[in-house]
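Asker:
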Amino acid sequence: MLRNQKDMKELLERGLMMEERPPEMGGDTVGMRMAANLLRVRDRTGRIRRFNANRAQREFEATRGRQNIVLKARQMGVTSWVAGRFFLKTITAQGVLTVQVAQTREAAEGIFGMVQRFWENLPEGMREGPLQLKRSNAGQMVFGKLDSEFRVVSASDENAGRGLTIQNLHCSEVSRWPGDAGATLAGLRAALAPGGEMVLESTPNGAYGCFYEEWCRAQEYGMVRHFLPWWWEKAYVAEAARDLRDEERVLMERHGLTAAQIGYRRGLEASYRGLRSQEFAEDAETCFRATGECCFEVEAIEGRLGVVGPVRETRRGGALLVWLPPRKGKEYLVAVDTAGGGAGGDYAAVQVIEMKSGMQCAELRERLGALELARAAASLAREYGGATIAVERNNHGSAVLAYLDATERYAKVWAGRDGVAGWLTTAGSKPGMVSRMGALLVESPEVFFSKRLLGECRTYVAFEGGRTGAVAGAHDDCLMAMAVGQAVRAEMR
Numbered sequence: 103m104l105r106n107q108k109d110m111k112e113l114l115e116r117g118l119m120m121e122e123r124p125p126e127m128g129g130d131t132v133g134m135r136m137a138a139n140l141l142r143v144r145d146r147t148g149r150i151r152r153f154n155a156n157r158a159q160r161e162f163e164a165t166r167g168r169q170n171i172v173l174k175a176r177q178m179g180v181t182s183w184v185a186g187r188f189f190l191k192t193i194t195a196q197g198v199l200t201v202q203v204a205q206t207r208e209a210a211e212g213i214f215g216m217v218q219r220f221w222e223n224l225p226e227g228m229r230e231g232p233l234q235l236k237r238s239n240a241g242q243m244v245f246g247k248l249d250s251e252f253r254v255v256s257a258s259d260e261n262a263g264r265g266l267t268i269q270n271l272h273c274s275e276v277s278r279w280p281g282d283a284g285a286t287l288a289g290l291r292a293a294l295a296p297g298g299e300m301v302l303e304s305t306p307n308g309a310y311g312c313f314y315e316e317w318c319r320a321q322e323y324g325m326v327r328h329f330l331p332w333w334w335e336k337a338y339v340a341e342a343a344r345d346l347r348d349e350e351r352v353l354m355e356r357h358g359l360t361a362a363q364i365g366y367r368r369g370l371e372a373s374y375r376g377l378r379s380q381e382f383a384e385d386a387e388t389c390f391r392a393t394g395e396c397c398f399e400v401e402a403i404e405g406r407l408g409v410v411g412p413v414r415e416t417r418r419g420g421a422l423l424v425w426l427p428p429r430k431g432k433e434y435l436v437a438v439d440t441a442g443g444g445a446g447g448d449y450a451a452v453q454v455i456e457m458k459s460g461m462q463c464a465e466l467r468e469r470l471g472a473l474e475l476a477r478a479a480a481s482l483a484r485e486y487g488g489a490t491i492a493v494e495r496n497n498h499g500s501a502v503l504a505y506l507d508a509t510e511r512y513a514k515v516w517a518g519r520d521g522v523a524g525w526l527t528t529a530g531s532k533p534g535m536v537s538r539m540g541a542l543l544v545e546s547p548e549v550f551f552s553k554r555l556l557g558e559c560r561t562y563v564a565f566e567g568g569r570t571g572a573v574a575g576a577h578d579d580c581l582m583a584m585a586v587g588q589a590v591r592a593e594m595r
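Residue numbering for the sequence shown follows this note's numbering, beginning at 103 and increasing consecutively.
1) Would you decide whether G80 is buried or exposed? Buried here means 16 or more other CB atoms lie within 10 Å of its CB.
2) Could you check what DSSP says for M103 in three-state terms: helix, strand or coil?
3) Would the beta-carbon of L287 fall within 8 angstroms of that of C312?
4) Evaluate Y323 with the Cβ neighbour count: other Cβ atoms within 10 Å of its Cβ, from every protein chain shown; 16 or more gives buried, anything less gives exposed.
5) Out of E548, C397 and C559, state which residue places its alpha-carbon closest to the alpha-carbon of F565.
6) Distance, Cα to Cα, A529 vs A483?
7) DSSP state of N156, grouped into three classes?
8) Which residues mark the beginning and the end of the alpha helix (DSSP H) in which T416 is found?
9) Can you tell me whether A445 is buried or exposed, with buried defined as 16 or more other CB within 10 angstroms of its CB?
10) Whole angstroms are fine: how far does the CA of A257 sit from the CA of R511?
11) Within its chain, find whatever has a CB closer than 6 angstroms to the CB of T490; leave out the 5 residues flanking it on each side and keep chain order.
12) State the DSSP-derived secondary structure class of R344, mapped to helix, strand or coil.
13) Return helix, strand or coil for S182, following the three-state DSSP convention.
14) With DSSP run on the structure shown, which of helix, strand or coil describes W334?
15) Please determine if the region 331-341 and the region 401-417 are in contact, where contact requires at least 3 C-beta pairs separated by less than 8 angstroms.
16) So what's A292 in DSSP terms, helix, strand or just coil?
17) Look at the Cβ atom of L475, then the Cβ atom of V522, and state whether they are nearer than 8 angstroms.
18) Short of 7 angstroms in beta carbon distance, which residues of its chain neighbour F551, apart from the five on each side in sequence? Order them along the chain.
19) Which whole-angstrom value describes the C-beta separation of V180 and F162, a residue pair presumed to lie in contact below a C-beta threshold of 8 angstroms?
20) By Cβ distance below 6 angstroms, which residues in the same chain neighbour A392 in space, the five residues on each side in sequence not counted?
21) Is there contact between the region 583-591 and the region 488-502, where contact requires at least three CB pairs shorter than 8 angstroms?
22) Are at least three pairs of beta-carbons, each pair with one atom in the region 295-302 and one in the region 222-230, less than 8 angstroms apart?
23) Going by the DSSP bridge assignment, what does R467 pair with across the sheet?
24) Restricting to runs no shorter than 4 residues, where is the alpha helix (DSSP H) found entirely within the region 243-315?
25) If you drop the 5 nearest sequence neighbours on each side, which residues of the same chain put their C-beta closer than 6 angstroms to that of Y338?
26) Quick one: give me the first and last residue of the beta strand (DSSP E) that P174 is part of.
27) Using the C-alpha atoms, what's the distance from E316 back to E222?
28) Please go through the same chain and pick out, in chain order, the residues whose beta-carbon is closer than 7 angstroms to the beta-carbon of T131, but skip the five residues on each side of it.
29) How big is the Cα-Cα spacing for R554 and A240?
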């Protein structure tokens with residue numbers, strides 16, 4: 103019975119050995135053997151069994167670092183494995199806080215149920231000795247004698263990680279986090295203790311958003327990238343496929359797949375159609391691009407991003423970018439997308455466009471109030487030879503127009519056919535604006551120079567009900583300013 107000080111000492115000694123790989127364990131870490139001996143999970147048939155690592159879990163263990171990001175197919179066991187490993191790290195050390203963050207409250211409840219099962223199936227002597235619970239409620243287990251704690255929370259909780267010092271952090275299905283996922287993750291990162299361990303994992307959900315950006319920039323952060331394809335799960339087999347297609351033969355030869363795995367893949371194609379390569383990833387590129395809902399041609403955007411050159415001039419601390427200076431004899435349009443301003447508000451954006459070609463000349467993106475924005479727009483318009491200013495008059499646009507008139511005394515302001523100054527974006531006009539931008543990106547991508555603008559195009563998606571907008575955590579201010587500018591330019595021409 104592990105009830106005395108000696109038992110506590112032995113438990114803590116196990117924790118210190120978790121990363122070791124003794125020769126007699128055949129490549130397994132001590133932690134992997136502890137998982138098999140101490141932890142129990144419910145398998146696909148509903149039975150409780152020992153937690154023996156599958157291939158995906160072993161591959162992750164073999165290359166795991168202190169900070170990790172995992173791109174995976176569905177149901178590879180990563181969430182279970184990280185939960186089990188972090189549970190062991192929590193119960194074999196003192197003063198440890200482990201936090202797992204799920205995409206929804208329902209998912210958080212499911213993960214916490216799994217963690218409870220870990221504890222409930224420990225030997226009785228451990229549960230009644232050093233691992234006796236001081237407190238256990240929805241999403242929280244506190245081990246009083248160790249002064250250690252395990253929490254499972256939802257990403258929708260605005261206070262997730264606030265005021266904590268976390269030693270082990272697991273962020274699950276990050277691509278499906280609600281709200282501003284980037285801000286949520288930044289807060290959790292700030293709570294991670296120096297030397298703490300972090301795992302971000304998710305199935306893909308489009309080549310945009312927080313998880314996609316984290317995957318692309320992983321090396322900059324010093325994170326280890328792990329890609330787990332669906333065929334690493336031995337349960338993913340079906341009746342052997344016949345009359346193989348060329349792409350299926352290539353896949354079999356490249357990855358050593360069987361006809362039974364190809365049969366399973368055909369079943370996925372029938373069930374998931376275009377989402378197969380998202381839900382059951384085969385490589386780290388197409389699985390992102392397969393997801394949907396970008397309003398524009400993704401290949402055109404990525405092609406242009408790959409060739410845009412450097413900025414000619416940077417002003418206002420990087421907020422104002424200039425590619426083409428004003429030229430005598432050219433006519434220009436200054437398009438303005440307004441915002442409320444303030445440190446935490448949306449950005450205001452201004453696009454300077456050459457009227458004849460539609461070429462992007464300059465771009466301003468900054469958090470500005472109505473008066474500051476009117477001054478910035480008027481300044482650019484004067485610099486570009488007395489350009490016409492087109493202001494989206496929705497929301498704060500009327501205030502910008504008023505300041506242009508009363509404060510800046512700038513008279514060259516575009517008005518629509520109704521004689522009212524400014525462009526009005528409505529449910530009727532917006533689809534045309536978006537379609538025009540889509541056509542330009544395909545037919546004339548060379549008119550765009552801004553990586554900020556192109557990035558916003560990549561994260562501009564269609565939602566249910568036909569609504570379009572920036573994906574959660576992204577912005578569309580530069581895009582909307584350009585869309586207004588191109589729409590006004592078309593009407594003026």
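We put the beta carbon where it would ideally sit given N, CA and C, even for glycine. Remember, predicted model here, so these are calculated numbers, not experimental data.
Answerer: For this structure:
1) The question about residue 80 has no answer, for the chain in this structure spans 103 to 595.
2) Bear in mind that a pLDDT of 44 at M103, under 50, signals an unreliable position, so the model cannot answer this.
3) Yes, the pair counts as a contact, with Cβ atoms nearer than the cut-off.
4) Here Y323 is exposed, its C-beta having fewer than 16 other C-beta atoms within 10 Å.
5) Residue C397 is the option with its Cα nearest to F565.
6) Their backbone Cα atoms lie some 29 angstroms apart in a straight line.
7) Secondary structure at N156: coil, using DSSP grouped into helix, strand and coil.
8) First-last for T416: E415 to R417, but that is the beta strand (DSSP E), not the alpha helix (DSSP H).
9) Caution is warranted here: a pLDDT of 49 is assigned to A445, below 50, making its placement in the model unreliable, and the coordinate value is therefore given only provisionally. Label assigned to A445: exposed.
10) Approximately 48 angstroms between the Cα atoms of the pair.
11) In the same chain as T490, and ignoring 5 residues on each side of it, the C-beta atoms closer than 6 angstroms to its own belong to L435, K514 and W516, in chain order.
12) If DSSP states are grouped into helix, strand and coil, R344 belongs with coil.
13) When DSSP states are grouped into helix, strand and coil, S182 belongs to the helix group.
14) For W334, the secondary structure class from DSSP, reduced to helix, strand or coil, is helix.
15) Cβ pair count under 8 angstroms is below three, so no.
16) Reduced to three states, the DSSP call for A292 is helix.
17) The criterion of a C-beta distance shorter than 8 angstroms is not satisfied by L475 and V522.
18) Taken in chain order, the residues that qualify are V410, W425 and Q462.
19) Sure, about 7 angstroms apart at Cβ, within 8 angstroms.
20) Bear in mind that the predicted position of A392 carries a pLDDT of just 49, short of 50, making it unreliable; the figure below should be weighed with that in mind. In the same chain as A392, and ignoring 5 residues on each side of it, the C-beta atoms closer than 6 angstroms to its own belong to S379 and Q380, in chain order.
21) Touching, yes, given that three or more Cβ pairs across the two stretches are closer than 8 angstroms.
22) Remark: fewer than three beta-carbon pairs, one from each stretch, lie closer than 8 angstroms, so the region 295-302 and the region 222-230 are not flagged as touching.
23) R467 pairs with A451.
24) Counting only runs of 4 or more, we get 283-293.
25) Listed in chain order, the non-local C-beta contacts of Y338 below 6 angstroms within the same chain comprise W332 and Y366, local neighbours out to five positions each way being set aside.
26) For the record, residue 174 in the displayed sequence is Lys; it is not Pro. Run containing K174: Q169 to K174, per the beta strand (DSSP E) assignment.
27) In this model, E222 and E316 are separated by some 36 angstroms (Cα to Cα).
28) In its chain, beyond the 5 residues on either side, M120, E121, E122, R123 and E163 have a beta carbon closer than 7 angstroms to the beta carbon of T131.
29) Cα to Cα, the separation comes out at about 42 angstroms.
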